[in-house]
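Presented below is the structure to which this report refers.
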Amino acid sequence: MPHMTAFARNQWYVAAYSHEVGRELFGRRVLGEPLVFYRTEGDGTVIALNDRCVHRRYPLSEAPTRLDGDRVVCGYHGFTYDTTGTCVYVPGQKRIPRTARIASYPVVEQDSLVWVWIGDPDLADPRSIPRARHLDSPGWVTVRGMEPIACDYGLLVDNLLDLSHETYLHGGYIGTPEVAETPITTEVDEGAGIVRVSRHMDDAECPPFYAKSTGIEGRIMRWQDIEYHAPCLYLLHSRVAPVGVVPEVDGSDPGGFHTEITYAITPSGDGEVYDFWAVSRDWATDDAEVTEFLRSNNHTVVMQDVTALDLLQRTLGTERHGYQELSINIDTGGLAARRILARLVEEGDKPVEKVL
Ligand code: FES
Ligand SMILES: [Fe+2]
1 MPHMTAFARN QWYVAAYSHE VGRELFGRRV LGEPLVFYRT EGDGTVIALN
51 DRCVHRRYPL SEAPTRLDGD RVVCGYHGFT YDTTGTCVYV PGQKRIPRTA
101 RIASYPVVEQ DSLVWVWIGD PDLADPRSIP RARHLDSPGW VTVRGMEPIA
151 CDYGLLVDNL LDLSHETYLH GGYIGTPEVA ETPITTEVDE GAGIVRVSRH
201 MDDAECPPFY AKSTGIEGRI MRWQDIEYHA PCLYLLHSRV APVGVVPEVD
251 GSDPGGFHTE ITYAITPSGD GEVYDFWAVS RDWATDDAEV TEFLRSNNHT
301 VVMQDVTALD LLQRTLGTER HGYQELSINI DTGGLAARRI LARLVEEGDK
351 PVEKVL
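Numbering (the UniProt record's numbering), first residue to last: 1 to 356.
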């Protein structure tokens, strides 16, 4: 079996961006579960149901399946489901079998993200969802996208927690020699499941991604502060400023530029992951050219990762036996993330003691 990280089931995962879900039936897979999403007619609540009709398993996200008000009418023989997944109509008979229902899933829409819970619904606590307020706050502009990758989601976690790869894989975009050369500091909050990896460069080359968007000429102070909320949400707090400008952590740094890079890492199935990516800024917010530059430049960077991780997964899949890795200092954050994921998987597998 090639590299395959188990799924932590009792966790929230990003299934979609808010703008992707509307009055059309919309299909996604999370932890191997096929899901269909739509919004209700009245208040636009997002509904998530299993994407397989209970009759002959027709995918409900596919035409000619349609919405009739808030009900889903299967496009094959017309079985009709309400927002809870209960079947309310079958063709040719009055009696509806008691087992005619499909699963519905807890959904929370927050910070322009649609979060879904696949595990035990009784454990789904919306307050445990990490925030990414910059994605949906006044004063911030965000470019975003999603790329499916044919790799184990653990490989994407590894990739994002070790940014030294920027120097090699993303040279000419976001990588410069200083990223790989500068040591990191790592902090792990085991209880909260958060890994923090920081790399502060005091005097670094300005990569084109920031030089062209901010207009900074010459060398920069560049801070990268990662905050990974296992399993799904990854925040990279990025600050750049011309060398000599001392940044304030409260965001008031004169001449400094504060950028939030967000990823959501959602396993869609074994060896498949959705790579949601977003770049948010609170500077030059009305400059459409900067917006378009950051969108296309970051998309290129993400596709470099996609290509590398597709290749890595295929390569690991050709190993005849288990293989040995070699880890060094740069891997500290990634190894901590693997430990936390393993714990979340184990906890999610335990039978839950229900309070009676
Ligand atoms: S498969 Fe859906 S009604 Fe037959
Ligand atoms: Fe990358």
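Heads up, the beta-carbon is just placed ideally off N, CA and C, and yes, glycines get one too.
Note that this is a predicted model, so its numbers are computed, not measured.
For G269, the enclosing beta strand (DSSP E) stretches over residues 257 to 269. Cβ-Cβ separation between W12 and W117: approximately 6 Å, consistent with a contact (criterion under 8 Å). Linking D120 to P267 through their CA atoms gives a straight-line distance of about 18 Å. Within its own chain, the residues whose Cβ lies closer than 6 Å to the Cβ of G154, once the five positions on either side in sequence are excluded, are T5, listed in chain order. In the displayed model, Y153 falls within a helix according to three-state DSSP. With a cutoff of 8 Å, G78 counts as near ligand 1, since its C-beta is closer than that to a heavy atom of the ligand. As computed with DSSP, L113 is found in a beta bridge with Y17, Q110.
Just measuring C-alpha positions, the residue of H229, A241, E227 sitting nearest G218 is A241. Counting other Cβ atoms within 10 Å of its Cβ, Q324 stays below 16 and is therefore classed as exposed. Restricting attention to R131, H229, K94, the CA atom closest to the CA of D111 is found in R131. Selection D287, T142, C232 evaluated against Y274 yields C232 as nearest (Cα-Cα). The beta carbon of D162 is closer than 7 Å to those of I330, D331, G333, G334 in its chain, skipping five residues each way along the sequence.
By the 16-neighbour rule on beta-carbons within 10 angstroms, H170 is buried. For E166, the distance from the CB to the nearest heavy atom of ligand 2 is below 8 Å. Between the alpha carbons of G172 and P207 lies a gap of roughly 7 Å. In the three-state DSSP reduction, T40 falls in the coil class, being neither helix nor strand.
About 5 Å separates the CB atoms of M201 and E178; that is less than 8 Å, so the two are in contact. Pairing I265 with Y234 gives a Cβ-Cβ distance under 9 Å. Around the C-beta of H77, fewer than 16 other C-beta atoms lie within 10 Å, and the residue is accordingly described as exposed. L49 sits in a strand when the DSSP states are folded into three classes.
According to the DSSP assignment, S238 belongs to the beta strand (DSSP E) that extends over 233 to 242.
In the displayed model, P91 falls within coil according to three-state DSSP, outside both helix and strand.
Taken atom to atom, the span from the alpha-carbon of E62 to that of G75 is near 8 Å. For Y58, the shortest C-beta to heavy atom distance toward ligand 1 is below 8 Å. Under a 10 Å Cβ-count criterion, R39 is classified as buried, with 16 or more other Cβ atoms of the shown protein chains found around its own Cβ.
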